[in-house]
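Numbering of the sequence shown is given in our numbering, commencing with residue 39 and proceeding in unit increments.
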Amino acid sequence: MPTYFLASQNLHKLIEMQAILQDSGVRLRPLSEMIQMPEIDEDGDTFLANAVKKALTGARLSSCFVLADDSGLEVAALDGEPGVHSSRYAGPGSSDEQNTAKLLRCMQDITCRQARFVCVLAVAGPEGLVGTAEGEVRGRIALEPKGHGGFGYDPVFIPDGYEQSFAELSEECKNQLSHRSRALEMALQIGLLQ
Ligand code: IMP
Numbered sequence: 039m040p041t042y043f044l045a046s047q048n049l050h051k052l053i054e055m056q057a058i059l060q061d062s063g064v065r066l067r068p069l070s071e072m073i074q075m076p077e078i079d080e081d082g083d084t085f086l087a088n089a090v091k092k093a094l095t096g097a098r099l100s101s102c103f104v105l106a107d108d109s110g111l112e113v114a115a116l117d118g119e120p121g122v123h124s125s126r127y128a129g130p131g132s133s134d135e136q137n138t139a140k141l142l143r144c145m146q147d148i149t150c151r152q153a154r155f156v157c158v159l160a161v162a163g164p165e166g167l168v169g170t171a172e173g174e175v176r177g178r179i180a181l182e183p184k185g186h187g188g189f190g191y192d193p194v195f196i197p198d199g200y201e202q203s204f205a206e207l208s209e210e211c212k213n214q215l216s217h218r219s220r221a222l223e224m225a226l227q228i229g230l231l232q
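Below is the structure:
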């Protein structure tokens, strides 16, 4: 069974991605099983730059096929913020709750609440970069957090076609709609993961 090692410290992501890939025959393991991954400075201006940097670093250090992702929330009325700063929107080391609270504060007087989650995947191997894939899910920012599932901005993101936030929807439902599942579907379709 083809195995890829995921360069992420985020256990939620690994679990979500494993569930999405369950029927594909692709196996995902944490890269921490192979090497101690150094802290990567996600200083790129784009999700693509950060995902490629993480995949290449992991592959170089482990000589394995490494999958990395960079993802985040882009809010139209905030010119795409928090974007690549999603995980540290309220400052270095900020919690999901602090980031979400800052987002709601910034959007207090904003009626246009359109947003999208974006995920860029990169696969690299011992020979270098193999390729990349991208997925998005469009929706809107809620007026207040709702639900207890998921992570990050899930309690304030309502996907198009739904009235509940990602944190209120079931895990299966989020996994069908999410930017990560769409990026993984694209990666399977184009043979990036096989
Ligand atoms: P990274 O891709 O690990 O750098 O994560 C970026 C940040 O984007 C996370 O810390 C979350 O704040 C946010 N994010 C990415 N994907 C999701 C998601 O599926 N739900 C909620 N927040 C997310």
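Note that beta-carbon positions come from the ideal geometry of N, C-alpha and C, so glycine has one too.
For Asn-213, the Cβ stays outside the 7 Å cut-off from all heavy atoms of ligand 1. Between Arg-218 and Glu-174, the C-beta spacing is not below 8 Å.
By the CB criterion at 8 Å, Asn-88 and Glu-77 fall outside the cutoff. A distance of 8 Å or more separates the beta carbons of Leu-226 and Pro-197. A distance below 8 Å between beta-carbons, with the five flanking residues on each side excluded, links Cys-157 to the following residues of its chain, in chain order: Phe-85, Asp-107, Asp-108, Ser-109, Glu-172, Gly-173, Glu-174, Ser-216, His-217, Arg-218, Arg-220 and Ala-221. One thing to note: Leu-69 has its Cβ within 8 Å of the Cβ of Leu-44.
Cys-150 counts as exposed, since fewer than 16 other beta carbons sit within 10 angstroms of its beta carbon. In this structure, Phe-204 has its CB closer than 7 Å to one or more heavy atoms of ligand 1. For Glu-112, the enclosing beta strand (DSSP E) covers residues 104-113. For Asp-147, the distance from the CB to the nearest heavy atom of ligand 1 is not below 7 Å. Beta-bridge analysis with DSSP links Ala-160 to Ala-106 and Thr-170. Ligand 1 has a heavy atom closer than 7 Å to the beta-carbon of Glu-80.
Using a Cβ distance threshold of 8 Å, Val-194 and Phe-103 do not count as a contacting pair. Residues Val-194, Ile-196 and Ser-203 of the same chain have their beta carbon placed closer than 6 Å to that of Ala-180, with the five preceding and five following residues left out of the count. If you draw a straight line from the Cα of Gly-96 to the Cα of Gly-185, it is about 34 Å long. Ranked by how close their Cα comes to the Cα of Val-113, the residues Gly-63, Val-64 and Tyr-191 have Tyr-191 in first place.
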